[in-house]
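Remarks on the structure that follows.
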Amino acid sequence: MFDEIFKLVLSATLGGLIGLERQIQGQKAGFRTQLILCLGSALYTITSIKFYEYYGQITDPARITAQIVVGIGF
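Residue numbers (the working numbering): 7 to 80.
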């Protein structure tokens with residue numbers, strides 16, 4: 007449990023740093039956008055891994071991660 011919380015805090019911190027740097031440079035996607043994006047991506051990835059651990063071969067954690075990349079790129 008603490009491992010997942012650490013990953014979420016780390017993703018929020020790094021996303022906030024990226025967003026802060028973008029906001030200082032005056033680019034569009036600033037602090038809040040990058041923070042929410044990184045935190046949401048980490049949460050979905052952790053959730054997909056936990057589903058795989060619980061349900062086994064029924065789910066595929068790589069699919070959710072791939073769709074995050076597609077959604078960000080779109």
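Cβ atoms here follow ideal geometry from the backbone N, Cα and C, with glycine treated the same way.
Cα-Cα separation, residue i to residue j
i, j, result
"Ile78", "Thr71", "11 angstroms"
"Ile11", "Thr65", "23 angstroms"
"Phe80", "Ala35", "15 angstroms"
"Gln73", "Pro67", "10 angstroms"
"Gln29", "Gln63", "42 angstroms"
"Thr19", "Gln33", "19 angstroms"
"Phe57", "Met7", "14 angstroms"
"Gly21", "Tyr60", "29 angstroms"
"Leu16", "Asp9", "10 angstroms"
Range covered by the alpha helix (DSSP H) that runs through residue i
i, result
"Ile74", "Pro67 to Gly79"
Other residues of its chain near residue i: CB distance less than 8 angstroms, five sequence neighbours each side excluded
i, result
"Ile24", "Gln40 and Cys44"
"Thr53", "Ile70"
Inset, instruction - Can you check the stretch 17-42 for any alpha helix (DSSP H) of at least 4 residues that lies completely inside it and give the ranges in chain order? - result: none
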